[in-house]
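K.L.:
So the sequences go chain by chain: A and B. For what it's worth, numbering that gives the first Met the number 0 labels the leading residue of the first sequence as 0, then goes sequentially. For what it's worth, numbering that gives the first Met the number 0 labels the leading residue of the second sequence as 0, then goes sequentially. Glycine included, each C-beta is placed from N, C-alpha and C at the ideal position. All figures in this text were calculated on a predicted structure; none of them were measured in a lab.
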Amino acid sequence: MTTATVTKEITKKNGSKETFKEKFVQVDRRDAKLALAHIVVAFIALFLGGFAGLLQVFVRSGQFKLPAGINYYQILTVHGVLLGLILTTYFILGFQTAAISRTSGALSNKQRTIGWAGFWIMTIGTAASATMVLLNEASVLYTFYAPLQAHWIFYLGLALVVVGSWTVALAQGLRYIQWRKENKGQTSPLLSFMVVVNNLMWFVCTLGVAAEVLFQLLPWSLGLVERVDVLLSRTLFWYFGHALVYFWLLPAYMIWYTVVPKVIGAKIFSDSLARLAFMLFLLFSIPVGVHHQLTEPGIDGFWKFLQVVLTFFVIVPSLLTAFSMFATFEIRGRELGGKGLFGWFKKLPWKDSRFLLPFIGMAAFIPGGAGGVVNASYQMNELIHNTIWVTGHFHLAIATTVVLTYFGAAYWLIPHLTGRVLTKKMNDLAVTSGIMWTIGMFIMSGAMHIAGLFGAPRRSEYSTYGGSEQAAEWIPYQIAQAVGGTVLFIAIILIIGIVINLIWFAPKGEEEFPLAELSQGAERTPAILENFKLWGVILVALILIAYTFPIFDIINNSPLGSTGYKFW
Amino acid sequence: MHIHKYEKWWLTFGAAMLIAFLVIVGVSAFHGGTHPNNSKWTINYEKVDEIAPFDNPGVHKVEGKDWDYEVVLVASAFSYNPMEIEVPVGSKVRFIATTKDVVHGFEVAGTNINFMLEPGYVSEKITTVDKAGEYVIVCNEYCGTGHAMMYSTLKVVDTDDNSNSH
Chain A
0 MTTATVTKEI
10 TKKNGSKETF
20 KEKFVQVDRR
30 DAKLALAHIV
40 VAFIALFLGG
50 FAGLLQVFVR
60 SGQFKLPAGI
70 NYYQILTVHG
80 VLLGLILTTY
90 FILGFQTAAI
100 SRTSGALSNK
110 QRTIGWAGFW
120 IMTIGTAASA
130 TMVLLNEASV
140 LYTFYAPLQA
150 HWIFYLGLAL
160 VVVGSWTVAL
170 AQGLRYIQWR
180 KENKGQTSPL
190 LSFMVVVNNL
200 MWFVCTLGVA
210 AEVLFQLLPW
220 SLGLVERVDV
230 LLSRTLFWYF
240 GHALVYFWLL
250 PAYMIWYTVV
260 PKVIGAKIFS
270 DSLARLAFML
280 FLLFSIPVGV
290 HHQLTEPGID
300 GFWKFLQVVL
310 TFFVIVPSLL
320 TAFSMFATFE
330 IRGRELGGKG
340 LFGWFKKLPW
350 KDSRFLLPFI
360 GMAAFIPGGA
370 GGVVNASYQM
380 NELIHNTIWV
390 TGHFHLAIAT
400 TVVLTYFGAA
410 YWLIPHLTGR
420 VLTKKMNDLA
430 VTSGIMWTIG
440 MFIMSGAMHI
450 AGLFGAPRRS
460 EYSTYGGSEQ
470 AAEWIPYQIA
480 QAVGGTVLFI
490 AIILIIGIVI
500 NLIWFAPKGE
510 EEFPLAELSQ
520 GAERTPAILE
530 NFKLWGVILV
540 ALILIAYTFP
550 IFDIINNSPL
560 GSTGYKFW
Chain B
0 MHIHKYEKWW
10 LTFGAAMLIA
20 FLVIVGVSAF
30 HGGTHPNNSK
40 WTINYEKVDE
50 IAPFDNPGVH
60 KVEGKDWDYE
70 VVLVASAFSY
80 NPMEIEVPVG
90 SKVRFIATTK
100 DVVHGFEVAG
110 TNINFMLEPG
120 YVSEKITTVD
130 KAGEYVIVCN
140 EYCGTGHAMM
150 YSTLKVVDTD
160 DNSNSH
């Protein structure tokens, strides 16, 4: 159960370690403000984006029409941009700022100023893009595929979001570098290391979308160039787009590896394996983007298949993680007296939202991950490509696994940052919101998966497709999606209520930032795992192998480029 | 770096499964020929109506090829030409399609005939239509306001004269 008292971390081993831990147990107040600013924006995005989602499932049920001639795809753009890009990026950068400050120490004034600069660059960009979406000048969805052409301010705004995110990540990276300099020869704090790996991956992958926006879409939407190479723009987008998914996922893994064990009273299973998993994610998250383009013309089958093989490699660190997590749970459950094969399972703290929500996230990643394997399986992709199965898939893998873990973390992180506590009442509400989310998502995502196998397309408003018998079979599932979506929206209202309580109304006090320690007698982590030069070289080599020839081929064989269209 | 015995088993099992999946998918594709649309045929998308075979969209019976029918289809916002396609059950069909404007999808619902149509490229799929019935063809890539109004119909029919089409 969550307690309202401060948990002092005392290690009996050596003195220097003890002072180090006590010194950084509380996130610096000034860093807390920076982290909290990001998290507040994330939850505003959750509310608005969630409401857009509610309108979508209503429209698609066939029982409801948007008032005042509002365009369905405008609402869909709001939903995708706010939840896929804004909620995630802001929460991640807020959480990571707190994580760096907690584990490497408070940011320097200069680092913090860089962090705030990044926050405002992102926020100006978000406001600019949002304005264009609301004016119906950018109903191009969050993937903004050319040759549909949005207003140039929409693209510029998104570019600012990316540049701003680099800036915040830079502040975090500088603090890590400072720690390494001050502690030469020592293994860095695990959570700081994970933050830096995630930021490095983010930087390398966003180069693709930055190139697409700066060199293709911006000059084209400004009228400086007439035509754009559509396939090249899509390939650059997906070079970024799949790693984007891992940018969302890795903070959830950080919480699983370093926070959840502490919540249940356990130690970190293996520091080395955790670092190895993150390095594998760094290597294999990027050279795999073409698996989103398996049914597209213009890319050779050999190169598509090569990236399918690399995609399967990225499953290995998830298998590693699954083992580590369940090993931690079992060891702890047995310590608490769990007997027999599964007796330990009952001993886990199911009523603690800080454990339950991330745990549901992990469980959802089993079907979520398996669905992902199907999607990436080359020709099998034909059966589900762009059907609503895919929407169902990422509402499990992202909108359940990732965001439930974020929520579970927000419920202790926000009071930690605001100097308040998560009361028992709020914890129980948090548990309720998590269970409602699970029920709502089971119904909605389940219906999406089934309708998708029957062929129902994603990203489409209500249609009977000329009275087609097949399309009529999809409609009951669309009604089920509306039911699930409604339950989810009620859960969102609860979540927003809890967040408001934790920011302004919860009792003053100190809430713990739970952080597990290594198990005693753990082996020293091999220094090679922290050799960024080595892993960086392998990463660049893999990207060059996976992308050089396909991009050369796309440019070499490119047809006449496309002029812009505004079909909304 | 210490790795627990059970973890080694688990990773060996996991990796073996992944390799098995890749072998199945790879052999089926590169030996059995079940590739998705990998066409590299390019076209001037602004002149699609003037360029063969798109100057004559529809279903064409062909002789002396590895397939029995060619279905030539042109997509544009927000319709397909032709609106209806009829082929005999059991025949081998080559679908050839392209777009005159933005990116569209071509999905015969509930089947694996599913590929993207991108301006400047011709997409292709060769398959045997082995199950009779009426299939709705939907655009599954967002293309604008009328996206969900964009459809066509594939009728796979039982006929008496399809015995020579194998």
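Going along the chain, which residues of its own chain have a beta-carbon closer than 7 angstroms to the beta-carbon of B:Glu76, five neighbours each way excluded?
P.N.:
The residue you call residue 76 of chain B lines up with position 77 of the second sequence. Position check: residue 76 of chain B holds Ala in this sequence, whereas Glu was assumed. Same-chain partners within the cutoff: Asp100, Val101, Cys142, Gly143 and Gly145.
K.L.:
Taking Cβ positions only, does A:Asn385 come closer than 9 angstroms to chain B?
P.N.:
Mapped onto the first sequence, residue 385 of chain A falls at position 386. Yes, its Cβ sits closer than 9 angstroms to a Cβ of chain B.
K.L.:
Measuring CA to CA, which of B:Cys138, B:Pro118, B:Lys124 and B:Ala74 is closest to B:Asn43?
P.N.:
For the purposes of this step, residue 43 of chain B is taken as the residue at position 44 of the second sequence. Of B:Cys138, B:Pro118, B:Lys124 and B:Ala74, the residue nearest in Cα terms is B:Pro118.
K.L.:
On the premise that A:Val486 lies in contact with A:Ile571, defined as a C-beta separation below 8 angstroms, what is that separation, rounded to the nearest angstrom?
P.N.:
This structure cannot settle anything about residue 571 of chain A, because the visible part of chain A is limited to 0 through 567.
K.L.:
Grouping DSSP H, G and I as helix and E and B as strand, with all else coil, what is A:Asn530?
P.N.:
Position 531 of the first sequence holds residue 530 of chain A. Three-state DSSP puts A:Asn530 in coil, outside helix and strand.
K.L.:
Note down, in chain order, every chain A residue with its Cβ under 8 angstroms from the Cβ of B:Asn27.
P.N.:
Indexing the second sequence from 1 puts residue 27 of chain B at position 28. Correcting the residue type first, residue 27 of chain B is Ser in the shown sequence and not Asn. Neighbours of B:Ser27 on chain A, chain order: Gln378.
K.L.:
What residue range is occupied by the uninterrupted alpha helix (DSSP H) comprising A:Leu133?
P.N.:
Along the first sequence, read from residue 1 onward, the residue named residue 133 of chain A stands at position 134. Counting along the chain, the alpha helix (DSSP H) containing A:Leu133 begins and ends at Asn108 to Leu133.
K.L.:
Give me the residue from A:Leu412, A:Thr112 and A:Phe364 with the minimum Cα distance to A:His394.
P.N.:
Residue numbering aside, residue 394 of chain A sits at position 395 when the first sequence is read from its first letter. Minimum Cα distance to A:His394 is reached at A:Phe364.
K.L.:
Is any beta-carbon of chain B found at less than 9 angstroms from that of A:Glu522?
P.N.:
The residue given as residue 522 of chain A occupies position 523 in the first sequence. Chain B, which has a Cβ nearer than 9 angstroms to the Cβ of A:Glu522, makes this yes.
K.L.:
Under 7 angstroms Cβ-Cβ, which residues of chain A neighbour B:Phe114?
P.N.:
Locating residue 114 of chain B in the second sequence gives position 115, counting from the first residue. In chain order: Thr294.
K.L.:
Residues of chain B with CB closer than 8 angstroms to the CB of A:Arg457, please, in chain order.
P.N.:
Taking the first residue of the first sequence as 1, we reach residue 457 of chain A at position 458. Residues of chain B passing the Cβ test: Asn139.
K.L.:
Using DSSP with H/G/I as helix, E/B as strand and the rest coil, what is A:Tyr154?
P.N.:
Along the first sequence, read from residue 1 onward, the residue named residue 154 of chain A stands at position 155. It is helical.
K.L.:
For a quick check, are the C-beta atoms of A:Pro558 and B:Thr158 less than 9 angstroms apart?
P.N.:
What you label residue 558 of chain A is simply residue 559 of the first sequence in a count that begins at 1. What you label residue 158 of chain B is simply residue 159 of the second sequence in a count that begins at 1. Not in contact: A:Pro558 and B:Thr158 (Cβ atoms no closer than 9 angstroms).
K.L.:
Do the stretch 134 to 141 of chain B and the stretch 462 to 482 of chain A meet, that is, are 3 or more Cβ pairs less than 8 angstroms apart?
P.N.:
Yes, they touch.
K.L.:
Out of A:Gln25, A:Arg59 and A:Thr88, point me to the one whose CA is closest to A:Ala44's CA.
P.N.:
Numbered from its first residue, the first sequence carries residue 44 of chain A at position 45. It is A:Thr88 whose Cα lies nearest to the Cα of A:Ala44.
K.L.:
How big is the Cα-Cα spacing for A:Ser317 and A:Ala276?
P.N.:
The residue given as residue 317 of chain A occupies position 318 in the first sequence. The residue given as residue 276 of chain A occupies position 277 in the first sequence. Computed Cα separation, rounded: 7 angstroms.
K.L.:
Candidates A:Thr96, A:Pro188 and A:Leu293: which alpha carbon is nearest B:Gly104's?
P.N.:
Here residue 104 of chain B refers to the residue found at position 105 of the second sequence. Nearest C-alpha to B:Gly104: A:Leu293.
K.L.:
Which residue comes first and which comes last in the beta strand (DSSP E) that contains B:Asn113?
P.N.:
Residue numbering aside, residue 113 of chain B sits at position 114 when the second sequence is read from its first letter. Asn113 to Leu116 is the extent of the beta strand (DSSP E) around B:Asn113.
K.L.:
Can you pull the chain A residues whose beta carbon is under 9 angstroms from the beta carbon of B:Ser38, in chain order?
P.N.:
Taking the second sequence and counting its residues from 1, one reaches residue 38 of chain B at position 39. Simply Pro296 and Gly297.
K.L.:
Just reading off the beta strand (DSSP E) that B:Gly132 is part of, what are its end residues?
P.N.:
For the purposes of this step, residue 132 of chain B is identified with residue 133 of the second sequence, where counting begins at 1. Gly132 to Val137 is the extent of the beta strand (DSSP E) around B:Gly132.
K.L.:
When the distance is taken between beta carbons, is A:Thr234 closer than 9 angstroms to A:Val289?
P.N.:
Working through the first sequence from its first residue, we reach residue 289 of chain A at position 290. Working through the first sequence from its first residue, we reach residue 234 of chain A at position 235. Against a cut-off of 9 angstroms, the Cβ pair of A:Thr234 and A:Val289 comes out as a contact.
K.L.:
For B:Tyr141, does the three-state DSSP call read helix, strand or coil?
P.N.:
Along the second sequence, one-based indexing puts residue 141 of chain B at 142. Three-state result, B:Tyr141: coil.
K.L.:
Considering only the beta carbon of each residue, do A:Phe354 and A:Val259 sit closer than 9 angstroms?
P.N.:
As a first step, residue 354 of chain A must be located in the first sequence, where it is residue number 355. As a first step, residue 259 of chain A must be located in the first sequence, where it is residue number 260. Yes. Within cutoff.
K.L.:
Smallest Cα separation from A:Leu272: which of A:Phe304, A:Leu189 and A:Phe143?
P.N.:
Locating residue 272 of chain A in the first sequence gives position 273, counting from the first residue. The candidate whose alpha carbon is nearest that of A:Leu272 is A:Leu189.
K.L.:
In the stretch 188 to 247 of chain A, which residue ranges form an unbroken alpha helix (DSSP H) of at least 4 residues, counting only runs that do not cross its ends?
P.N.:
Runs of the alpha helix (DSSP H) inside the stretch 188 to 247 of chain A: 189 to 210 and 217 to 220.
K.L.:
Do A:Met200 and A:Tyr256 have their C-beta atoms closer together than 9 angstroms?
P.N.:
The residue labelled residue 200 of chain A in the question sits at position 201 within the first sequence. The residue labelled residue 256 of chain A in the question sits at position 257 within the first sequence. Going by C-beta atoms, A:Met200 is not nearer than 9 angstroms to A:Tyr256.
K.L.:
Starting from B:Thr11, find everything on chain A with Cβ-Cβ shorter than 9 angstroms and list it in chain order.
P.N.:
Along the second sequence, read from residue 1 onward, the residue named residue 11 of chain B stands at position 12. Residues of chain A passing the Cβ test: none, with the nearest at roughly 10 angstroms.
K.L.:
Considering just the uninterrupted stretch of the alpha helix (DSSP H) at A:Phe42, what are its terminal residues?
P.N.:
On the first sequence, residue 42 of chain A is found 43 positions in, with the first residue counted as 1. It spans Arg28 to Ser60 - the alpha helix (DSSP H) in which A:Phe42 sits, taken as one unbroken run.
K.L.:
Might you give, ordered along the chain, the residues of its own chain that have their beta carbon closer than 7 angstroms to the beta carbon of A:Pro525, omitting 5 neighbours on each side?
P.N.:
The sequence position of residue 525 of chain A within the first sequence is 526, counting from 1. The residues are Ser271.
K.L.:
Mapping DSSP to helix, strand and coil, what is B:Trp40?
P.N.:
As a first step, residue 40 of chain B is located in the second sequence; it is residue number 41 there, counting from the start. If DSSP states are grouped into helix, strand and coil, B:Trp40 belongs with the strands.
K.L.:
Can you pull the chain A residues whose beta carbon is under 8 angstroms from the beta carbon of B:Tyr44, in chain order?
P.N.:
For the purposes of this step, residue 44 of chain B is taken as the residue at position 45 of the second sequence. Result: Pro558, Leu559 and Ser561.
K.L.:
Hey, quick one: how far does the beta strand (DSSP E) through B:Lys60 stretch, first residue to last?
P.N.:
Walking along the second sequence from the start, residue 60 of chain B turns up at place 61. Unbroken beta strand (DSSP E) run through B:Lys60: Gly57 to Lys60.
K.L.:
Is A:Gly367 near A:Gly407, with beta carbons less than 9 angstroms apart?
P.N.:
Working through the first sequence from its first residue, we reach residue 367 of chain A at position 368. Working through the first sequence from its first residue, we reach residue 407 of chain A at position 408. No, the Cβ-Cβ distance between A:Gly367 and A:Gly407 is not below 9 angstroms.
K.L.:
Taking DSSP as the reference, what is the three-state secondary structure of A:Phe23?
P.N.:
Residue 23 of chain A sits at position 24 when you count from the first residue of the first sequence. Note on A:Phe23: pLDDT 43, under 50, position unreliable in the model; the coordinate value appears next. Three-state DSSP puts A:Phe23 in coil, outside helix and strand.
K.L.:
Whole angstroms are fine: how far does the CA of A:Lys346 sit from the CA of A:Thr390?
P.N.:
As a first step, residue 390 of chain A must be located in the first sequence, where it is residue number 391. As a first step, residue 346 of chain A must be located in the first sequence, where it is residue number 347. Taking the straight line joining both Cα atoms gives about 35 angstroms.
K.L.:
Which one of A:Asp30, A:Ala31 and A:Val39 has the shortest CA to CA distance from A:Gly496?
P.N.:
For the purposes of this step, residue 496 of chain A is taken as the residue at position 497 of the first sequence. Measuring from the Cα of A:Gly496, the nearest candidate turns out to be A:Val39.
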